[in-house]
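Chemist: The listed protein sequences derive, respectively, from chains A and B.
Under the numbering used here, the very last position in the first sequence is 754; numbers go up by exactly one each time.
Under the numbering used here, the very last position in the second sequence is 241; numbers go up by exactly one each time.
Take this structure first; my questions come after.
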Amino acid sequence: MQKELKVIGKPMPKLDAGIKVSGKAVYGQDVVLPDMLYGAILRTEYPVAELVSIDTSKAEQLAGVVSIITADDVDVNNISYRRDHPALKKGRVNCIRDEIAAVAAETPAIAREALKLIEVKYNVQEGVFDPFEALKDDAPQINEFSSHEKNKNISHPFHYEHGDLQQQKDKSAHIVTSRYFLPRMTHACLAPCAITADYSNIDNRLTLYSVTQVPFLYQRDMAHVLKMEPSRIRVIQTVIGGGFGSKLDMYPYEPICALLAMKSGRPVQITFDREEEFIASPTRQKMVIDLTSGVDEKGKFTFRVAKIIMDNGAYTSWGATTPFVMMQTFSSMYQMPACVFDADAVYTNNVYAGSFRGYGNPQATFAVERNIDLLAEKLGMDKAEIRLLNANFRGEFTGQELEFNTCGHKDALEMVIDGVGKTRKENDKDQKRYKKGIGFASMLHVGGGAKIYPSDGCGTILKMDDYGYLTIITGSSEIGQGSETVLGMMAAEELGIGIEKIRVINTDTDIKPWDVGVHASRTSFVAGNSLLGAIKELKTKLSPKAAEMLKTDEDDLEYDGGTVKSIKTGESIKIDKVARQIHFKGPNDLLTVSHYYEPGSKFADKNFKGNISGAYAFAAQAIEVEVDTYTGNVRVLNIHMAQDVGKVLNPLGLGGQIEGGVVMGMGYALTEELKVDNGYILNPSFHEYKLPTACDIPEIHFYPIETIDEAGPYGAKGVGEAPLIPTAAAIANAVSNAIGVEIDSLPITPEKVLQALSNKS
Amino acid sequence: MPTDTHKITFTINGRKMERTISPSLLLIDLIREELSLKGTKPGCLEGECGACTVLINGDAISSCLYLAVNVNGKEITTIEGLSTDDRNAPFDPVQEAMIQHGGVQCGYCTPGMVMSIKAFQEHCEANRFVPGREEIKKAIEGNLCRCTGYTKIIDAVESLFEGE
């Protein structure tokens, strides 16, 4: 019999909410160390130039300046998995973010003043700002470390295919081809980047108070750049004021801060202001997607051919690997007999792209879902019906060899189709001016980690003290998403102790066991399974003693209400008493255990085939919009979101992830674009880069679908990225439905709507 | 005393203080740097995000746009001043509502959001006004949040007026 759950599935406020509402949470910019200096970075004035000379002599004279570094002063390796990115630039600059020099001074004001005194002579050059230009034979090599044989300006090419393309083309009754333009979007975390570096030459150890979301990869990357042993670098994560993928890579400001601390012999802190945050933080990939898809006369999809050019910018980050995720959407979202996919990350002199919640999937989903509407229109088929007909199903083994052991895709579609029908109201406004429309979109994403690194695992150490309090030391990281609360809930559920007796320690690489980091919506799944494994081991210590004390068998025990109980006799004993007996009476042991969990997923083969995730998440959205045809303004009226979450762990946290993701998707759909012109960023402020505000929020109707995937903790799957992924696609489909025009780019600004309307008439 | 400094007296979180400051000192720097109250958050320093919101004589203002000299004779409340000393009930009702309704994720916007809500709540109560969701949205429009999608924050504010 399935045990009744007492904690899991019930709303639980976040464990860290109390310190956050009180202003007591310590973020990167709140760290203060004795004798600390303040660092600042001199960035280039021009996107592309030869650096003729850098003269720091005047800045060095300024009272309060402690140290200044340029590329000539440091002995470091390049950043990035492509090793194509020097932390401090030497000889030339390649994009407007480029770091030329850095200062450490007694106050932030002195550091900023010193930057103005550094004299740089530039020989300004022409840049290449269009990836299609960069691919031409006569284009200059943009990144001198670029090494790919396919083309000097391709950082990373991807090719994938399955099925018999020609056969599927022959079967097709209709084929549509479209080109889609997806913009740069930036994370705009509310907390700007911050780091504090503290180097001790007594033991040659570096401590970093960092906002990374992948502390162990970061430790290794930092060690590579600084030519240090990783174990001499201690990464302490401060409270992180927003991640969303932005903190998956290590960026130049971080080793620069470490280098300033090493040179100064004092701790150094670097914080970005908002403008620097906009200029120097990587973005979602700008890309152009050419997609051709087919459908047979009955409405079954036949094939997809996608060709994608991504604007990589001047250097490579993890974001260049987003095709790894995108190809799953093209190959496996809805049943797909044949697929050919090519994507190239192309160097340009623009700001470089990074990873961002959804990891390429919002772009891919936009293209796929727009094409589906076009196919439905060609067929004269209902747009909901065509999606239901082609929905993924449980037991499906896709062309890319993804195994859908559970699948709530069809249920999700049915729920949102039904939901949007119910909230639809007659247009009570001026019918000539206001047009309403409905759009649908689905999403497929990894839901059980993603095996892209040699291990996708997570370690957990548990310690129950003599008083029955539990410390969970997890490798995983909390970046606001609520994973530490979910871990606390799991431990409370399994050990029958109150959540107030549980502490989660998750911020220090000197203490916590390894974890690959926050990405791929993996933390509750992977860290959750790791924790459950550790609890099982803890019980191999607790249960024999409890059984002995209660004079019963181990399988007669129940952990509940702070006690261990005999189910047969109803007799119970406090869990802390069991702990003390184990410690002081025999076997004289401590309740300390550790466990490492590795998901049962596989690595993709060289053709990108393989079941790379422990589970897959599915979702569908139906969105109703109202378009003002006089102003071009799009108002989102209702969002219906159904998601296969496997199992609801914390409904309060889940709802927050859904609403937050959907609203971020609305920003992507309607207002957000980091505008770059000839390499310069045009809108580096909240005034010109528009995030959604409270007034933009529609009713969000959320329907969780529980498919109970046996691979996940209590059946749960990953959640975090999904709600953002289909939103822009569904909104675009709704706008197109409302006014009968093609929407082939984001954001859908009033200008674009008016232009499309005028082209139509 | 050099001519480019000003002496100001003010009350912050119930404590009376006197400080000699430069006339160009921003209130956020007085609070964070001089008084080491780090709960008030710098988000944009141009009055766009609301993360640095504090109360001056009960009104919510962006402390990044406010010169510290202007607090002379006034009463400042920062996020640290909302919590109580009561171990069993440490939170103001606004803070409690944000916790219970899941209005907090990364938490960086939270102090400013809470202060804006506090000012709104007091304004509504003084005018015996029970706001609807649209009015609540308007009241927190100046506070950007990137994590929550605002819905749970709106729920939290709504709960403050339930039963009224």
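Even glycine gets a Cβ: it sits at the ideal position worked out from N, Cα and C.
If the cut is a Cβ gap below 8 Å, which residues of chain A does S191 of chain B touch?
Modeler: The amino acid occupying residue 191 of chain B in the given sequence is Val; Ser does not appear at that position. Going along chain A in sequence order, the residues near V191 of chain B (Cβ under 8 Å) are V14.
Chemist: L525 of chain A by DSSP, collapsed to three states: which one?
Modeler: helix
Chemist: Please classify D77 of chain A: is it buried, with 16 or more other beta-carbons within 10 angstroms of its beta-carbon, or exposed?
Modeler: buried
Chemist: Quick check on DSSP: helix, strand or coil for L105 of chain A?
Modeler: Residue identity check: residue 105 of chain A is Arg in the sequence provided, not Leu. The answer is helix: DSSP assigns R105 of chain A an H, G or I state.
Chemist: On a Cα-Cα basis, can you pick out the residue from A:I301, A:E487 and A:E419 that is closest to K786 of chain A?
Modeler: Since the displayed chain A opens at -6 and closes at 754, residue 786 of chain A lies outside it and no answer follows.
Chemist: Can you tell me which of the three DSSP states P677 of chain A falls into?
Modeler: coil
Chemist: In the DSSP assignment, the alpha helix (DSSP H) including P322 of chain A goes from what residue to what residue?
Modeler: Correcting the residue type first, residue 322 of chain A is Thr in the shown sequence and not Pro. P316 to S325 is the extent of the alpha helix (DSSP H) around T322 of chain A.
Chemist: Just to confirm the assignment, what range does the beta strand (DSSP E) spanning C451 of chain A have?
Modeler: Taken as a continuous stretch (DSSP letters only), the beta strand (DSSP E) holding C451 of chain A covers C451 to M457.
Chemist: Quick one: what does DSSP say M659 of chain A is sitting in, helix, strand or coil?
Modeler: Helix, per DSSP.
Chemist: Is it a yes or a no for the stretch 164 to 180 of chain A touching the stretch 473 to 484 of chain A, going by three-plus beta-carbon pairs under 8 Å?
Modeler: no
Chemist: Drop a sphere of 10 angstroms on the beta-carbon of H512 of chain A, count the other beta-carbons inside from all chains shown, and report buried for 16 or more, exposed for fewer.
Modeler: buried
Chemist: Starting from the Cα of S193 of chain A, find the closest Cα among A:G401, A:V204 and A:V261 and give me that residue.
Modeler: Nearest Cα to S193 of chain A within the set A:G401, A:V204 and A:V261: A:V261.
Chemist: When you compare only the Cα positions, how much space is there between D163 of chain A and D157 of chain A?
Modeler: 10 Å
Chemist: Can you find the residues in the same chain that come closer than 6 Å, C-beta to C-beta, to K403 of chain A, ignoring five residues on each side of it along the sequence?
Modeler: A384
Chemist: Throw me the rounded Cβ distance for the I111 of chain A and A94 of chain A pair, which I believe falls under 8 Å.
Modeler: 5 Å
Chemist: Name, please, each residue of chain A whose Cβ falls closer than 7 Å to the Cβ of G91 of chain B.
Modeler: Neighbours of G91 of chain B on chain A: none; closest Cβ ~15 Å, over 7 Å.
Chemist: Which whole-angstrom value describes the C-beta separation of M634 of chain A and P716 of chain A, a residue pair presumed to lie in contact below a C-beta threshold of 8 Å?
Modeler: 6 Å
Chemist: State yes or no: is the beta carbon of M78 of chain B nearer than 7 Å to at least one beta carbon in chain A?
Modeler: Note that M78 of chain B scores a pLDDT of 44, beneath 50, so its modelled location is shaky and nothing firm can be said.
Chemist: Among all the DSSP beta bridges, which residues are the ones paired with L463 of chain A?
Modeler: Listed as beta-bridge partners of L463 of chain A by DSSP are A:M457 and A:I495.
Chemist: Is V571 of chain A closer than 7 Å to T535 of chain A when the C-beta atoms are compared?
Modeler: Note on residue identity: the sequence assigns Leu, not Thr, to residue 535 of chain A. Going by C-beta atoms, L535 of chain A is nearer than 7 Å to V571 of chain A.
Chemist: I need the straight-line Cα distance from M78 of chain B to E111 of chain B, nearest angstrom please.
Modeler: Residue placement at M78 of chain B is flagged as unreliable, the pLDDT there being 44, under the threshold of 50; the coordinate-derived value follows with that caveat. Whole-angstrom Cα-Cα distance: 19 Å.
Chemist: Scan the stretch 123 to 191 of chain B and note each continuous beta strand (DSSP E) run of 3 residues or more that stays entirely inside, going in chain order.
Modeler: List check, beta strand (DSSP E) in window: 130 to 133, 136 to 139 and 152 to 154.
Chemist: Could you pull the DSSP bridge partners for T179 of chain A from this structure?
Modeler: A:T276
Chemist: Among the residues of its own chain, which have a CB less than 7 Å from the CB of N116 of chain A, if the five just before and after it don't count?
Modeler: A42, E43 and V45
Chemist: Specify whether the stretch 440 to 457 of chain A and the stretch 706 to 721 of chain A touch according to this definition: at least 3 beta carbon pairs, one from each stretch, less than 8 Å apart.
Modeler: yes
Chemist: Cα-Cα, which of A:I605, A:G351 and A:D459 is closest to N581 of chain A?
Modeler: A:D459
Chemist: Could you tell me whether the stretch 138 to 146 of chain B touches the stretch 96 to 106 of chain B, using the rule of 3 or more Cβ pairs below 8 Å?
Modeler: yes
Chemist: Could you give the first and the last residue of the continuous alpha helix (DSSP H) run that contains V509 of chain A?
Modeler: Looking at the DSSP string, V509 of chain A is not in any alpha helix (DSSP H), and its letter there is neither H nor E.
Chemist: Can you pull the chain B residues whose beta carbon is under 9 Å from the beta carbon of V232 of chain A, in chain order?
Modeler: Those are C183, G184 and Y185, listed as they occur along chain B.
Chemist: State the start and end residues of the unbroken alpha helix (DSSP H) segment that holds L480 of chain A.
Modeler: Element bounds for L480 of chain A: S476 to L488.
Chemist: Going by C-alpha to C-alpha distance, which of A:D242, A:S165 and A:H680 sits closest to R75 of chain A?
Modeler: For R75 of chain A, the closest alpha carbon among the candidates A:D242, A:S165 and A:H680 is that of A:D242.
Chemist: Buried or exposed: L397 of chain A, going by 16 or more other Cβ atoms within 10 Å of its Cβ?
Modeler: The displayed chain sequence assigns Phe, not Leu, to residue 397 of chain A. F397 of chain A is buried by the Cβ-count criterion.
Chemist: Quick check: what's the CA-CA separation for S797 of chain A versus P185 of chain A?
Modeler: Residue 797 of chain A lies beyond the stretch modelled for chain A, which goes from -6 to 754, so this question has no answer here.
Chemist: Quick check on A443 of chain A: does DSSP put it in helix, strand or coil?
Modeler: coil
Chemist: Taking contact to mean at least 3 C-beta pairs separated by less than 8 Å, is the stretch 508 to 522 of chain A in contact with the stretch 543 to 560 of chain A?
Modeler: no
Chemist: If the cut is a Cβ gap below 7 Å, which residues of chain A does G240 of chain B touch?
Modeler: Going along chain A, no residue has its Cβ under 7 Å from G240 of chain B, so there is no contact; the nearest lies around 21 Å.
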